[in-house]
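K.L.:
Have a look at this one before I ask anything.
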Amino acid sequence: MSEEFDATYDIVVVGAGASGLSCAVQAAKDGLTCAIIEKEPQTGGSSAFAEGHAAFESDEQIKRGINVTKEQAFNTYLDYSHWRADPPLVSRFVENAATTIVKMRDEVGAVYEDVTVTALDQPGELTTWHLPEGEVARLIELLEADARRRGVDVFLSTAATRILTDDTGTVTGLVAKDADGQEVRLGAKAVVIGTGGFAANPEMLDKYTKYGIGDKMINVGGQGNTGDGINMVLAAGGTEHNSIGTLLLFPLMRDKTITSHTNCTGMQPYFWVNTEGRRFTDEVVGMSFGNAGDVVATLPGACYWCIIDQATIRHLVEDGNEIGLGIYVRNNEKMVNLPTEIEADAADESRTNVVKGETIEELGRNMGVDPAVLRAEVDAYNQLCAAGVDTKFHKPSKFLFSVAEGPFFAIKMETGIMISMGALKIDEHMRCLDADGQPVPGLYSVGCDAGGLFGESYALPIPGSANGFALTSGWLAADDIAEAIHAGAL
Ligand SMILES: Cc1cc2nc3c(=O)[nH]c(=O)nc-3n(C[C@H](O)[C@H](O)[C@H](O)COP(=O)(O)OP(=O)(O)OC[C@H]3O[C@@H](n4cnc5c(N)ncnc54)[C@H](O)[C@@H]3O)c2cc1C
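The sequence shown begins at 12 in this note's numbering and counts up one residue at a time.
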């Protein structure tokens, strides 16, 4: 052991979410010594909330008769990002994602229950969402156990604070703070950064996006995802990818869980108005929660109201919703909790994001909008519903539910955030690149910290992309580091 360090390893991985754990397990399989450090008391990060991951031409797809080719996936990533994604990186992910499924199933113990889409009516969505039993939270448990079994040192409640380099700029290790506030210095031939982006850091959200609502965004992912790894890499010579600031947003009620039926109702493509009481979009955007998130974030107050009447409530209870929310509320699920839940929400004086009105005018007053404006908007919308054609925003007629039978409810949807993506410039070997496009020797980035798969928005038409990339980039980085070490390049 070097005198300078408390311990030395071939690889030190920062962040024990899907990307970091996948990397650590593979490093051990490749015969490397490895430590993984996690600042929270438990592993998982935002990955612990994910349901499934993307792969292309996997045996789980093939045995279910699902045909999603690598070519389709590659082209979709490039088209969807307006070619801001990096073709070599996209290609490496697309080519290797099916192997991730085999690894997770045959080596780690995942059992795949289904491969599906997130939204039944989202045009062009590819069937790539591989859902493991117990969701990704179970997979995280399996990966952590596998890493420990294979001899990886797992440090919890230990936050990396600085990457160490020598005078040639080559990475030599890192500094971290353990649970007692003591400094720990770990030596490494390679440091892999997988700290999951900056969804939990309002200042970075404001710095890297134009929304200006960092403190208003409701983060439902890992609380530890404060962009630490990104800042450490930038300080160590890495650079930003052009897609830094790409976020996965979605409409969400404040102070509600994502399993709530009132919250899910607020996402339905019914009748939405802004804070002035005016309809502003084709509500079918709600069929892609990522697109709907991009819409809500740019509205005044970063919110909208979804208004429903009694007939719509009966439809939701008896026939089911139009769109669910991942596995948390299933597509077409009968919203049986809704009548009781929404009444309680409206009666709860501490809550201002669900209001009720016997009339549209009363509803408008309770929402804080001009009742005359709301009345006129409702009348105009009801005429479109009666005609069965939305001549204003061209919403498909099957979603034209009138707002006629009181009492009425309005649900205020704000801007939820799941993850940030695409911060650091890397190459297809997951090596962090400097301003000249050259690798910073020994420095790698994986998962949500790494840029190159997305453009300005999350590629929801390929569901499971973030988690699929996290798992795949993790093990690919380990393999490439092993090769570089064996070749004497690290
Ligand atoms: C509700 C929800 C549902 C989702 N569903 C899906 C889905 O179905 N499919 C999909 O593809 N994606 C989904 N995602 C996104 C997905 O979870 C992530 O994109 C992906 O799994 C991130 O993996 P990661 O390893 O990059 O980051 P994370 O899993 O967030 O791991 C990063 C870890 O790094 C740790 N860390 C941070 N700073 C430090 C530091 N200084 N030192 C040490 N450790 C540090 C964090 O605490 C965290 O544990 C969902 C996200 C949410 C919030």
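All residues carry an ideal CB built from backbone N, CA and C; glycine is no exception.
By how many angstroms is the C-alpha of GLU373 removed from the C-alpha of ALA246?
P.N.:
Near 55 angstroms, if we compare the C-alpha coordinates of GLU373 and ALA246.
K.L.:
Starting from ASP514, trace the alpha helix (DSSP H) both ways and give me its first and last residue.
P.N.:
Residue 514 is absent from the structure shown; the chain starts at 12 and stops at 501.
K.L.:
Give me the DSSP bridge partner(s) of GLU425.
P.N.:
LEU263
K.L.:
Tell me the DSSP secondary structure of LYS40 in three-state form.
P.N.:
Secondary structure of LYS40 (DSSP, three-state): helix.
K.L.:
Do you know how far the Cα of GLU146 is from the Cα of GLY475?
P.N.:
12 angstroms
K.L.:
Looking only at C-alpha atoms, which of ASP90, SER484 and LYS200 sits nearest to HIS497?
P.N.:
LYS200
K.L.:
In terms of residue numbering, what span does the alpha helix (DSSP H) encompassing ARG196 cover?
P.N.:
That residue, ARG196, is in no alpha helix (DSSP H); its beta strand (DSSP E) goes 194–204.
K.L.:
Could you check if CYS459 belongs to the surroundings of ligand 1, using beta carbon to heavy atom distance under 6 angstroms?
P.N.:
Yes; taking the cut-off as 6 angstroms, the Cβ of CYS459 has a heavy atom of ligand 1 nearer than that.
K.L.:
Do you know how far the Cα of ASN342 is from the Cα of LEU131?
P.N.:
7 angstroms
K.L.:
Between VAL195, MET115 and ASP17, which has its C-alpha nearest GLU49's C-alpha?
P.N.:
VAL195
K.L.:
How do the segment 344–359 and the segment 450–470 stand: do at least 3 beta-carbon pairs fall below 8 angstroms, yes or no?
P.N.:
no
K.L.:
Is PHE60 near ligand 1, in the sense that its beta carbon is under 6 angstroms from a heavy atom of that ligand?
P.N.:
With a threshold of 6 angstroms, the Cβ atom of PHE60 counts as near ligand 1, since some heavy atom of the ligand is closer than that.
K.L.:
Could you tell me if GLU494 is buried or exposed, where buried requires 16 or more neighbouring beta carbons within 10 angstroms of its beta carbon?
P.N.:
exposed
K.L.:
Helix, strand or coil, according to DSSP, for HIS326 in the structure here?
P.N.:
helix
K.L.:
May I ask which residues mark the beginning and end of the beta strand (DSSP E) holding VAL347?
P.N.:
Looking at the DSSP string, VAL347 is not in any beta strand (DSSP E), and its letter there is neither H nor E.
K.L.:
Let me make sure I understand the geometry here. Which of LYS221, ASN212, ASN253 and GLY248 has the alpha-carbon closest to that of GLY233?
P.N.:
ASN212
K.L.:
When you compare only the Cα positions, how much space is there between TRP283 and THR323?
P.N.:
14 angstroms
K.L.:
Is the beta carbon of VAL36 within less than 6 angstroms of some heavy atom of ligand 1?
P.N.:
With a cutoff of 6 angstroms, VAL36 does not count as near ligand 1, since its C-beta is closer than that to no heavy atom of the ligand.
K.L.:
Tell me where the alpha helix (DSSP H) around GLY277 begins and ends.
P.N.:
272–278
K.L.:
Would you mind reading off the limits of the beta strand (DSSP E) that contains LYS188?
P.N.:
Taken as a continuous stretch (DSSP letters only), the beta strand (DSSP E) holding LYS188 covers 182–188.
K.L.:
Excluding sequence positions up to five away, which residues of its chain have a Cβ less than 7 angstroms from the Cβ of SER13?
P.N.:
Residue placement at SER13 cannot be trusted, given a pLDDT of 49 that sits under 50; the coordinates are not used to answer.
K.L.:
Would you decide whether TYR281 is buried or exposed? Buried here means 16 or more other CB atoms lie within 10 Å of its CB.
P.N.:
buried
K.L.:
Return yes when the Cβ of ALA66 is within less than 7 angstroms of the Cβ of ILE112, no when it is not.
P.N.:
yes
K.L.:
Relative to the C-alpha of VAL24, which residue among LYS367, THR172 and TYR88 is closest?
P.N.:
THR172
K.L.:
Out of GLY26, HIS252 and ASP239, state which residue places its alpha-carbon closest to the alpha-carbon of ALA446.
P.N.:
HIS252
K.L.:
What is the DSSP secondary structure of SER13, reduced to helix, strand or coil?
P.N.:
The pLDDT assigned to SER13 is 49, lower than 50, so where the model puts this residue is not dependable; a value taken from the coordinates is nonetheless given after this. The answer is coil: DSSP assigns SER13 none of H, G, I, E or B.
K.L.:
For the candidate residues ASP41, ASP17, ASP21 and CYS45, whose alpha-carbon lies nearest to that of ALA27?
P.N.:
The shortest C-alpha separation from ALA27 is found at CYS45.
K.L.:
For ASP157, which residues of its own chain have a beta-carbon under 7 angstroms away from its beta-carbon, when the five flanking residues on both sides are left out?
P.N.:
VAL36 and VAL119
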